[in-house]
Structure formats: structure tokens, C-alpha cells
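Worksheet for the structure shown next.
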Amino acid sequence: MTSLIFYTNPMSRGQIARWMIEETGAAYEQRIVEYGPEMKSAEYLAVNPMGKVPAIVHDGKVVTEGAAICAYLADAFPDAGLAPTPHERADYYRWLFFGAGPLEQAVTNRSMGWEADSDRQAMVGYGSFDLVVDTLAGWLADHDYICGERFTAADVYVGAQVDWGLLFSTLPERAEFSAYAERLRSRPAYIRAKAIDNDLIAAAKAAQGSDA
Numbered sequence: 004m005t006s007l008i009f010y011t012n013p014m015s016r017g018q019i020a021r022w023m024i025e026e027t028g029a030a031y032e033q034r035i036v037e038y039g040p041e042m043k044s045a046e047y048l049a050v051n052p053m054g055k056v057p058a059i060v061h062d063g064k065v066v067t068e069g070a071a072i073c074a075y076l077a078d079a080f081p082d083a084g085l086a087p088t089p090h091e092r093a094d095y096y097r098w099l100f101f102g103a104g105p106l107e108q109a110v111t112n113r114s115m116g117w118e119a120d121s122d123r124q125a126m127v128g129y130g131s132f133d134l135v136v137d138t139l140a141g142w143l144a145d146h147d148y149i150c151g152e153r154f155t156a157a158d159v160y161v162g163a164q165v166d167w168g169l170l171f172s173t174l175p176e177r178a179e180f181s182a183y184a185e186r187l188r189s190r191p192a193y194i195r196a197k198a199i200d201n202d203l204i205a206a207a208k209a210a211q212g213s214d215a
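To convert a position in the sequence shown, counted from 1, into our numbering, add 3.
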């Protein structure tokens with residue numbers, strides 16, 4: 004029996020966690036949680052009281068939130084080489100939390116049609132969407148990966164934000180973003196993870212069509 008259980012839905016941020024798991028090479032048990040009653044059921048709420056995916060259970064311990072899952076798995080499976088070296092820790096934690104905080108907040112607020120007035124930008128923490136974009140692009144202009152020349156778990160989380168942002172046009176087409184995304188999309192673990200989730204999405208759509 005595997006010690007790693009992965010709760011996900013292919014049409015969710017669970018894609019980030021799957022990519023991270025694939026990068027570790029760890030064996031895992033997949034449990035698909037459907038939106039609606041199943042995701043809000045007592046059984047799943049016992050795993051994640053927020054009633055959302057992804058979540059993992061490793062050796063009996065629950066971890067939720069995409070960035071936390073990435074950081075946890077990097078530490079739990081050190082042989083994969085995805086955790087930061089002492090020299091890399093500052094950049095690793097800085098940008099991992101930047102992706103989970105300012106970047107995701109700015110993109111979400113912009114997508115929902117809301118942005119703080121200039122006199123209230125300090126209240127939202129990240130300032131403005133343009134400031135967040137320029138800050139991240141500025142870093143990626145001089146770094147192949149978040150920590151420099153080496154891929155780490157921070158690239159899974161930040162990279163997923165950039166990858167999705169370009170795909171769904173929630174981030175602008177910037178040369179820095181496109182080059183970074185291309186490097187990530189060529190990784191075998193990324194390709195494997197995407198293939199699994201795309202097959203699950205296709206199967207779900209086919210099942211819906213047969214029920215129509």
C-alpha cells in the first residue's frame with residue numbers, strides 16, 4: 004500500500020501537485036474527487052475542511068495548498084533534488100511565496116475585473132497587477148530558473164502560474180515568461196503529468212457526452 008495518496012480533479016490546481024509528484028518519482032495512489040457533493044462530502048472534508056483540491060496524505064499526514072505541497076514533497080523525497088541548497092534558500096522561499104501570494108492574488112483579482120485604486124494599492128499587499136508582472140519578469144530575465152541555473156520545486160509552483168497565465172491569457176505575452184515556460188514544458192515529468200490529466204479530462208467529457 005502506497006504511503007502517498009493524492010486527491011485531485013484534473014480540471015483544478017491539482018495539476019500543479021501532480022506535476023510535482025511526477026518530478027519526485029514517488030509512487031502514489033490517485034483519488035479523483037468530483038466537484039459538487041463529493042468534494043463537499045463529510046468523507047473528503049475530513050481530509051480538507053476547505054472542500055477543495057488538491058490535497059495529499061503522506062504517511063498519515065495531510066498537506067493542502069499547492070505551494071505547500073510542492074515544498075513538502077521536495078523535502079519528503081530528497082533524492083529527487085528538488086529542495087533548495089543552503090545557497091538557494093533565499094530565492095527559493097522568496098519566489099515560492101511570491102507565486103502563492105502577490106502573483107496569484109493579482110491575477111485572480113484582474114480576472115474577476117477588480118483592481119485597487121492607486122490610493123488603496125498598499126492595502127492589497129501586492130500593489131498592482133503591472134508591478135507584479137514587471138517584478139517577476141525582471142527576475143526571469145536574468146535567471147533560467149527561480150534559483151538560477153537549477154530546477155527546483157519553486158519552479159513547479161511559479162512555473163505553473165506562468166504556464167497557465169500564458170495559456171489562458173491571464174498574464175501578458177512577455178519574452179521572459181515564454182522562454183521560461185518553454186523550458187518547463189520540455190521536462191519529462193511535466194509531459195507525463197499533463198498527459199495523465201488530459202486523458203482524465205477527455206474521459207470525463209466523453210462520459211458526459213454518452214450520458215446526454
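Glycine residues also receive a C-beta, built at the ideal position from the N, C-alpha and C atoms. A quick note: this is a predicted structure, and the numbers were derived from the prediction, not measured.
- DSSP places K64 within a strand segment (E or B) once states are collapsed to three.
- Per DSSP, the beta bridge partners of I59 are F9, V66.
- Nearest in C-alpha terms to R113, of all of G130, G54, V60, L143, is G130.
- M23 is classed as buried because its beta carbon has at least 16 other beta carbons within 10 Å across all chains shown.
- Of all C-beta pairs linking the region 73-89 to the region 174-184, fewer than three are shorter than 8 Å, placing the two stretches out of contact.
- S121 has its alpha-carbon roughly 43 Å from the corresponding atom of A79.
- Contact holds between the region 10-27 and the region 182-199, because three or more Cβ pairs, one in each stretch, are under 8 Å apart.
- Between the alpha carbons of A125 and A207 lies a distance of about 43 Å.
- For A29, the closest of I59, M53, D200 by C-alpha to C-alpha distance is I59.
- Taking the Cβ atoms as the reference, I35 lies roughly 31 Å from Y95, outside the contact range of under 8 Å.
- The shortest CA-to-CA distance from C73 to any of D158, A198, E185 is the one to D158.
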